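Engineer: Counting in my numbering, the sequence shown runs from 17 upward without gaps.
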Amino acid sequence: MAQRPLILAVETSGRLGSVAIALGEQILGEAAFSGPMKHSAELFPAISSLLEHFSRKADEIEHIYISAGPGSFTGLRIAATLAKTMHLANAAKIVAVDTLDVIAANVTTENTLPNSSHEPPASSIEYIATILDAKRSQFFIAVYQRHTSHETQSTKHGIWKKILPDCLMTASQFLEQFGGKGKPIWLLGEGLVYYKDKFKAEGVFFLDERYWPPKAAKVHLLGWEKASSGQFTDPLTLQPTYLQRPDVKEKGKSKAKN
Numbered sequence: 017m018a019q020r021p022l023i024l025a026v027e028t029s030g031r032l033g034s035v036a037i038a039l040g041e042q043i044l045g046e047a048a049f050s051g052p053m054k055h056s057a058e059l060f061p062a063i064s065s066l067l068e069h070f071s072r073k074a075d076e077i078e079h080i081y082i083s084a085g086p087g088s089f090t091g092l093r094i095a096a097t098l099a100k101t102m103h104l105a106n107a108a109k110i111v112a113v114d115t116l117d118v119i120a121a122n123v124t125t126e127n128t129l130p131n132s133s134h135e136p137p138a139s140s141i142e143y144i145a146t147i148l149d150a151k152r153s154q155f156f157i158a159v160y161q162r163h164t165s166h167e168t169q170s171t172k173h174g175i176w177k178k179i180l181p182d183c184l185m186t187a188s189q190f191l192e193q194f195g196g197k198g199k200p201i202w203l204l205g206e207g208l209v210y211y212k213d214k215f216k217a218e219g220v221f222f223l224d225e226r227y228w229p230p231k232a233a234k235v236h237l238l239g240w241e242k243a244s245s246g247q248f249t250d251p252l253t254l255q256p257t258y259l260q261r262p263d264v265k266e267k268g269k270s271k272a273k274n
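1) Given 7 Å as the limit, tell me if S88 has its C-beta closer than that to any heavy atom belonging to the ligand NAP.
2) With burial defined as no fewer than 16 other Cβ atoms inside 10 Å of the residue's Cβ, what is the status of Y210: buried or exposed?
3) Quick check on V283: does DSSP put it in helix, strand or coil?
4) Are there three or more Cβ pairs, one per stretch, closer than 8 Å when the segment 44 to 57 is compared with the segment 84 to 104?
5) Inspect the beta-carbon positions of A108 and H79 and report whether they are closer than 8 Å.
6) Taking the alpha carbon of V26 as the point to measure from, which residue in Y227, Q42 and E46 has its own alpha carbon closest?
7) Measuring straight from C-alpha to C-alpha, what distance separates H173 and I43?
8) Does the Cβ of I179 have 16 or more other Cβ atoms within 10 Å, making it buried, or fewer, making it exposed?
9) Using DSSP's beta-bridge definition, name the partner residues of Q161.
10) Once DSSP output is grouped into helix, strand and coil, what is the label at K109?
11) In three-state DSSP terms, what is M102?
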């Protein structure tokens with residue numbers, strides 16, 4: 017792998033899309049789309065604008081990192097198609113990262129602030145859950161615990177240990193398992209945009225809405241970690257996780273089969 021490859025990071029899994037370019041681990045610039053669901057109209061102009069601003073060309077891109085879901089069909093399909101096209105055109109290496117992990121990476125000690133003086137600082141947050149709307153009263157949810165100092169080298173980048181892998185569950189199932197028990201848990205993610213009230217319970221708190229959308233800069237952060245250890249995605253088997261994908265196990269039903 018080149019020491020400082022030119023990288024394109026793409027986030028189109030959520031409502032608010034964005035792109036970023038980087039040299040190795042260093043972000044050069046990030047551009048957010050002008051509004052919700054502008055992926056088709058603004059993806060390529062945003063990429064072109066960033067490349068032009070930093071005097072770069074598309075054929076110089078060596079890596080492309082994409083947010084691979086769970087997320088909307090159209091947005092994920094756009095990103096996957098772009099990644100495969102760039103692989104064919106430039107031999108660009110692909111890294112696909114989990115959208116719920118991308119959202120979790122928004123929470124860092126340095127940049128995450130409580131909503132009010134009654135809430136603890138981000139440095140004291142030990143558990144978070146990322147929430148995406150999966151329709152039909154279900155949600156894609158993943159739960160994370162902050163790494164201890166001996167488990168990771170860079171907690172300052174918001175690195176979290178996933179303790180509940182991506183799964184489908186209802187809000188009531190989530191609250192039954194995590195609400196009002198043990199240590200407080202903080203929620204974020206675009207699944208809260210319309211359904212925040214469903215998750216209100218003792219011991220459950222909400223991070224500010226500015227931390228809810230997945231962002232291209234975090235796609236780059238997680239993608240670079242994987243690329244640095246040689247974890248590239250095979251373009252032939254690249255398959256995004258769409259909403260209600262059949263092979264996602266639903267909580268409860270998977271247990272019943274055992």
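Every residue gets a Cβ at the ideal spot worked out from N, C-alpha and C, and that includes glycine.
Here the structure is a predicted model, which is why all the values come from computation and not from measurement.
Structural biologist: According to the data block:
1) No copy of the ligand NAP occurs in the structure displayed, which carries no ligand at all.
2) The residue you call residue 210 lines up with position 194 of the sequence shown. By the neighbour-count rule (16 or more Cβ atoms within 10 Å), Y210 is not buried but exposed.
3) The first residue shown for the chain is 17 and the last is 274, placing residue 283 beyond what the model contains.
4) yes
5) For the purposes of this step, residue 108 is taken as the residue at position 92 of the sequence shown. For the purposes of this step, residue 79 is taken as the residue at position 63 of the sequence shown. Yes, they are a contact pair.
6) Start at 1 with the first residue of the sequence shown, and residue 26 comes out as number 10. Selected option, being the one with the closest Cα: E46.
7) Along the sequence shown, read from residue 1 onward, the residue named residue 173 stands at position 157. Along the sequence shown, read from residue 1 onward, the residue named residue 43 stands at position 27. Reliability of the predicted coordinates at H173 is poor, the pLDDT of 45 falling under 50, and no value is obtained from them.
8) Here residue 179 corresponds to residue number 163 of the sequence shown, with the count starting at 1. Exposed, because fewer than 16 other Cβ atoms sit within 10 Å of the Cβ of I179.
9) Walking along the sequence shown from the start, residue 161 turns up at place 145. Note: Q161 sits in a beta bridge opposite Y143 and K177.
10) Counted from its first residue, the sequence shown places residue 109 at position 93. Strand at K109.
11) Along the sequence shown, read from residue 1 onward, the residue named residue 102 stands at position 86. Three-state result, M102: helix.
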